[in-house]
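Residue numbers (the working numbering): 1 to 315.
Glycine is no exception: its CB is placed at the ideal position from the N, C-alpha and C atoms.
Being a predicted model, the structure only gives us computed values, none of them experimental.
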């Protein structure tokens, strides 16, 4: 009887140890999706560089003080510069591309393209040799790319939808490069420490770029709702979402976390429709469905790697 009670206790503890990181990742995905809608809302008042700069100044200011509270700074100095370089890419170029793209597309369409990041990660990781291809993963990439194309096929959000599409694809590529090349550092050090260093580097780069571009125009001019949107983008969609992702990645497998990425575009679809009145066309839902199928195929358990492409089998 005692053994049965102990077994149930161990099972309950194991269930909770998986449940909490999954909930954390789900909340982070929803926050990221709604932050994209807030970015779309504030775009008429500020350019993409200004929004990105303000977002990551706020996020870095919130996140950096948490590092000593959760982890000691254990990153070797020889690894700081590579992490900073990746941070400029992911927390500098990446958010600028997203903010700038919101001038030409809807938050919903942008979020669907961003949700194909696992497929882009697989492509870059395969070229680098750090990811092993399989038939399932290959079809996953195809579905994700097709879904992003379908989502954009009927856009009428701006005067030049091709610009929005190109910027979102570039953002996705930046995210994938960061995911592939930051993996050794995230395995070696705490995710929160790596993320904080990278985010601080991105914030500094964005601030320097902003001063160079806007040195003659002065401080950003936003109304009250615009500043509230920036606060939400920086604190909830920046610091809190990245902290939740980092916390979850330290306690669950990447597959369990990545499988929840479709919550990002779903949240953007709902919030964009309710808050901004963005149209919910059939193409959006078809593209979302294809991207979700692609994500599921890409992040299938590693045992699928036993089925490589026919032309890669060894004789």
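**Asked** How should residue 128 be labelled, buried or exposed, when 16 other C-beta atoms within 10 angstroms of its C-beta is the threshold for buried?
**Response** exposed
**Message:** One question on the structure: do residue 100 and residue 110 come within less than 7 Å of each other, judged by their Cβ atoms?
**Reply:** no
**Request:** Report buried or exposed for residue 277, applying the criterion of at least 16 other Cβ atoms within 10 angstroms of its Cβ.
**Result:** exposed
**Request:** Could you give the DSSP three-state label for residue 43: helix, strand or coil?
**Result:** helix
**Message:** Here's a check: name, in chain order, each residue in its chain whose Cβ is nearer than 8 Å to the Cβ of residue 98, leaving out the five neighbours to either side.
**Reply:** 36, 39, 48, 52, 110, 114, 167, 168 and 171
**Asked** Cβ of residue 147 within 7 Å of Cβ of residue 284?
**Response** no
**Message:** To the nearest angstrom, how far is the alpha carbon of residue 198 from that of residue 32?
**Reply:** 18 Å
**Asked** Taking buried to mean at least 16 other C-beta atoms within 10 Å of its own C-beta, is residue 135 buried or exposed?
**Response** exposed
**Item:** Whole-number beta carbon distance between residue 141 and residue 123, since they are thought to touch under 8 Å
**Value:** 6 Å
**Request:** State whether the segment 230-249 contacts the segment 178-192, with contact taken as three or more CB pairs (one from each stretch) at a distance under 8 Å.
**Result:** yes
**Through-space distance from residue 183 to residue 125, alpha-carbon basis** = 11 Å
**Message:** Assess contact between the segment 72-91 and the segment 264-271, defined as three or more Cβ pairs (one per stretch) separated by less than 8 Å. Is contact present?
**Reply:** no
**Asked** Quick one: what's got a C-beta closer than 6 Å to residue 270's C-beta in the same chain, skipping five residues either side?
**Response** none
**Prompt:** Since residue 24 contacts residue 239 with CB under 8 Å, what's their CB separation in whole angstroms?
**Reply:** Residue 24 to residue 239, Cβ: 14 Å. No contact.
**Message:** Rounded to whole angstroms, what is the Cα-Cα separation between residue 64 and residue 56?
**Reply:** 11 Å
**Prompt:** Considering only C-alpha positions, which residue in the set 224, 34 and 275 is nearest to residue 235?
**Reply:** 34
**Straight-line Cα distance separating residue 138 from residue 116** = 13 Å
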